[in-house]
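Following our numbering, the numbering of the sequence shown begins with 2 at its first residue and continues without gaps.
Beta carbons are placed, not taken as given, at the ideal position from N, Cα and C, and that holds for glycine.
In what follows, a single structure is set out as structure tokens and then discussed.
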Amino acid sequence: MSDKRTKYTWIGGHRILVLGILCLFGFCLLAQRPVQKKVTGTTATAPKKDSVEKTGKPAKKEEPKQKSKVYLLHSDILKKTLDRSDAQVVVGNVIFRHDSLYMYCDSAYYFDQRNSFEAFGNVRMEQGDTLFLYGDHLYYDGMTQIAQMRMNVRLENRNTTLLTDSLNYDRVYSLGYFFDGGTLMDEQNVLTSEWGEYNTQNKQSVFNYNVKLVNPQFTLTSDTLRYNTASKVANIVGPSDILSDNNHIYSESGYYNTQTGKADLYQRSVLTNEGKQLTGDTLFYDRNEGVGEAFHDMVMTDTVNKNMMTGDYGFYNEKTKYAFATRKAVAIDYSQGDSLFLHADTLMMKTFHLDTDSMFREMRAFHKVRFYRTDVQGVCDSLVFSTKDSCLTMYDNPILWNENQQLIGEKVLIYMNDSTIDWAHIINQALSVEQIDTTKYNQVTGKEMKAFFRDGEMKKVEVIGSVRLVYYPMDSDSTLIGMNVSETSQLDIYLEQQKLDHMVMSPQSNGTLYPLPQIPKGKDKLDNFVWFDYIRPLNKDDIFEWRAKKAGDELKKNIRGPIELPNQHLFDQQKKEE
Numbered sequence: 002m003s004d005k006r007t008k009y010t011w012i013g014g015h016r017i018l019v020l021g022i023l024c025l026f027g028f029c030l031l032a033q034r035p036v037q038k039k040v041t042g043t044t045a046t047a048p049k050k051d052s053v054e055k056t057g058k059p060a061k062k063e064e065p066k067q068k069s070k071v072y073l074l075h076s077d078i079l080k081k082t083l084d085r086s087d088a089q090v091v092v093g094n095v096i097f098r099h100d101s102l103y104m105y106c107d108s109a110y111y112f113d114q115r116n117s118f119e120a121f122g123n124v125r126m127e128q129g130d131t132l133f134l135y136g137d138h139l140y141y142d143g144m145t146q147i148a149q150m151r152m153n154v155r156l157e158n159r160n161t162t163l164l165t166d167s168l169n170y171d172r173v174y175s176l177g178y179f180f181d182g183g184t185l186m187d188e189q190n191v192l193t194s195e196w197g198e199y200n201t202q203n204k205q206s207v208f209n210y211n212v213k214l215v216n217p218q219f220t221l222t223s224d225t226l227r228y229n230t231a232s233k234v235a236n237i238v239g240p241s242d243i244l245s246d247n248n249h250i251y252s253e254s255g256y257y258n259t260q261t262g263k264a265d266l267y268q269r270s271v272l273t274n275e276g277k278q279l280t281g282d283t284l285f286y287d288r289n290e291g292v293g294e295a296f297h298d299m300v301m302t303d304t305v306n307k308n309m310m311t312g313d314y315g316f317y318n319e320k321t322k323y324a325f326a327t328r329k330a331v332a333i334d335y336s337q338g339d340s341l342f343l344h345a346d347t348l349m350m351k352t353f354h355l356d357t358d359s360m361f362r363e364m365r366a367f368h369k370v371r372f373y374r375t376d377v378q379g380v381c382d383s384l385v386f387s388t389k390d391s392c393l394t395m396y397d398n399p400i401l402w403n404e405n406q407q408l409i410g411e412k413v414l415i416y417m418n419d420s421t422i423d424w425a426h427i428i429n430q431a432l433s434v435e436q437i438d439t440t441k442y443n444q445v446t447g448k449e450m451k452a453f454f455r456d457g458e459m460k461k462v463e464v465i466g467s468v469r470l471v472y473y474p475m476d477s478d479s480t481l482i483g484m485n486v487s488e489t490s491q492l493d494i495y496l497e498q499q500k501l502d503h504m505v506m507s508p509q510s511n512g513t514l515y516p517l518p519q520i521p522k523g524k525d526k527l528d529n530f531v532w533f534d535y536i537r538p539l540n541k542d543d544i545f546e547w548r549a550k551k552a553g554d555e556l557k558k559n560i561r562g563p564i565e566l567p568n569q570h571l572f573d574q575q576k577k578e579e
């Protein structure tokens, strides 16, 4: 009886030992072989019965969803450690899985109760075939789904690579952010900054502090920048500079497509190209076409030639050197000490024979042209200035004023020398009027007139063809002697300090001198006399106020024939005899 009991006891003990060995063997198999069966990630629990309210109906209460489990799929060695009692040590070909995320490393601390682990050596995270994260050290929290990767970190998302030494990746928001310097690379651009974040879902990134975007065609530096690796669009949200071989863009707000080279910029952005600057409240720029457009309070400056254009709209093509301005357009020349302000409905600059020895530019002004400088003012319908011959041509009822003198004709040509007037040519119906007082005017008219200047002052005037004049000679103390009316074929007028010095007539003509009290009615004005003081621009702001001529004040045609020379009948008789 005792032998049987002993045998039974041994057999029972043997059975318990065998079962224990089998269980331990099964656990080891589980630790070494990946689980093939798909896990849903949540554990369902039966709802608990709640207390019954006074009404007798059970109250409805939602149970919180449990976090999905972080599973250890494989390791070569599994053991406990005394210094980390809450952790299991796993070593060799370690594999973890959390939902669709797989993580690999050489060794790790596995915190089963905390649903997290700390990984070391050749750490790799894989999510599908689009997201890969590499590093030397990782702490992953399955409750928050935040991965903290450190040392030699590399995140790969399709064609985008992010390099840093410290990266936190939030799986809930698909967001990775670095805070100790990082580099983001795609097919076209390399971005570096001290702090940044990258969204692997919508491909949007944000960079702060010492931001630099390097493209084969340009470099962008900023303090704050947003960039999308899918659209290749950089969103400028702070002071930024975009530099290339030929131009420089400064902007504090806007969008720049690094792929197409097109930019929409705001808040007084500035485009600079080879000494020329285009500024506007809103600026559009196409890098490939070399085209810039500015809207609202536009300023286009040429620092080389010291001139500028302003208006509500401006256009500039850096390849063809073509510029255009309208809507309160103004051209300003500040090459001299005194600036010239010119306004027209439309201003245009064209460049001809580009990149050749014969290259020249033309500045054109269309419709209702008015300009002002302290020493010269003018109005006309249209105007052209060419650097080919440094000639400024005024068309359609041109009028020029200098001090108290007015010059008009059918067309006026002004030749410049180093931005100062060299000489002027008034063609057809030329008329010069000098105001002495409110009722008296020196007047001279002819078919054409040439005025020559020295240091900005008029020194000589040549009047050619059908010359008629009315002038008031003075004695040495500037007292008026009377009024002289003369006619000749050519008149040369010499001036000193803007005052008449002497005149030479060809042929010589003394004319008629009337004492001041005995001037016949109507003789004090030439037939084509007109005085446009009410049209004259008074200051640089007055150039915007277009004033039309009064009825009857249009330029009157000179219908008189050529002046007959003295003894002309003797020459005519001699020709008949011959």
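- Exclusion of the five residues before and after residue 322 leaves 352 as the residues of its chain whose Cβ lies within less than 6 Å of its Cβ.
- The beta carbon of residue 526 is closer than 8 Å to those of 442, 444 and 471 in its chain, skipping five residues each way along the sequence.
- Contact between residue 200 and residue 185 fails: their C-beta atoms lie close to 12 Å from each other, not under 8 Å.
- Excluding its 5 nearest sequence neighbours in each direction, residue 255 has C-beta neighbours in its own chain below 7 Å: 237, 264, 265, 266, 267 and 270, listed in chain order.
- The alpha-carbon separation between residue 362 and residue 547 amounts to approximately 28 Å.
- With a threshold of 16 other beta carbon atoms within 10 Å, residue 172 meets it and is buried.
- When the beta-carbon positions are compared, residue 344 and residue 369 come within less than 9 Å of each other.
- For residue 395, the uninterrupted beta strand (DSSP E) run begins and ends at 392-396, by DSSP.
- At a cut-off of 3 residues, the continuous stretches assigned as beta strand (DSSP E) that sit fully inside the region 411-442 are 412-418 and 421-436.
- For the options 514, 497 and 501, the alpha carbon positioned closest to that of residue 487 is the one of 514.
- DSSP places residue 360 outside any beta strand (DSSP E), giving it a letter other than H or E.
- Between residue 449 and residue 410, the CB-CB gap stays under 9 Å.
- Counting along the chain, residue 126 sits inside the beta strand (DSSP E) bounded by residues 117-128.
- With contacts defined as CB atoms closer than 9 Å, residue 155 and residue 135 qualify as a contacting pair.
- Annotation for residue 390: 416 place their beta carbon closer than 8 Å to its own, counting only its chain and skipping 5 residues before and after.
- Considering only 132, 168 and 277, the residue with the shortest C-alpha distance to residue 141 is 168.
- The beta-carbon distance between residue 446 and residue 529, rounded to whole angstroms, is 6 Å. This is short enough to meet the 8 Å contact definition.
- Taking 9 Å as the cut-off, the Cβ atoms of residue 374 and residue 336 do not count as close.
- Residues 386 and 415 of the same chain have their beta carbon placed closer than 6 Å to that of residue 393, with the five preceding and five following residues left out of the count.
- Within the DSSP bridge table, the entry for residue 449 names 428 and 465 as partners.
- Straight-line measurement puts the Cα of residue 194 at about 14 Å from the Cα of residue 239.
- Taking a 10 Å sphere around the C-beta of residue 165, we find 16 or more other C-beta atoms and assign the residue as buried.
- With fewer than 16 other Cβ atoms from the protein chains shown falling within 10 Å of its own Cβ, residue 505 counts as exposed.
- Take the alpha-carbon of residue 87 and the one of residue 183: they are about 34 Å apart.
- Here residue 153 has 135, 136, 137 and 166 as same chain residues with Cβ atoms under 8 Å from its own Cβ, once five neighbours each way along the sequence are excluded.
- Within its own chain, the residues whose Cβ lies closer than 6 Å to the Cβ of residue 431, once the five positions on either side in sequence are excluded, are 410, 447, 449 and 450, listed in chain order.
- Nearest neighbour of residue 545 by Cα position, chosen from 91, 490 and 380, turns out to be 380.
- Excluding sequence positions up to five before and after residue 300, its CB lies within less than 6 Å of the CB of 280 and 311, all in the same chain and listed in chain order.
- Secondary structure in the region 180-208: no alpha helix (DSSP H) run of 4 residues or longer lies completely within the stretch.
- By the Cβ-count criterion, residue 315 is buried, with 16 or more other Cβ atoms from all chains shown falling within 10 Å of its own Cβ.
- As computed with DSSP, residue 75 is found in a beta bridge with 96.
- Secondary structure of residue 482 (DSSP, three-state): coil.
- Using a 10 angstroms sphere on the CB of residue 355, the tally of other CB atoms stays under 16, which defines it as exposed.
- Its Cα nearest to that of residue 227, the residue 205 stands out among 205, 190 and 461.
- In this structure, 424 is the residue among 424, 251, 474 and 223 with its C-alpha nearest to the C-alpha of residue 455.
- Take the alpha-carbon of residue 102 and the one of residue 69: they are about 12 Å apart.
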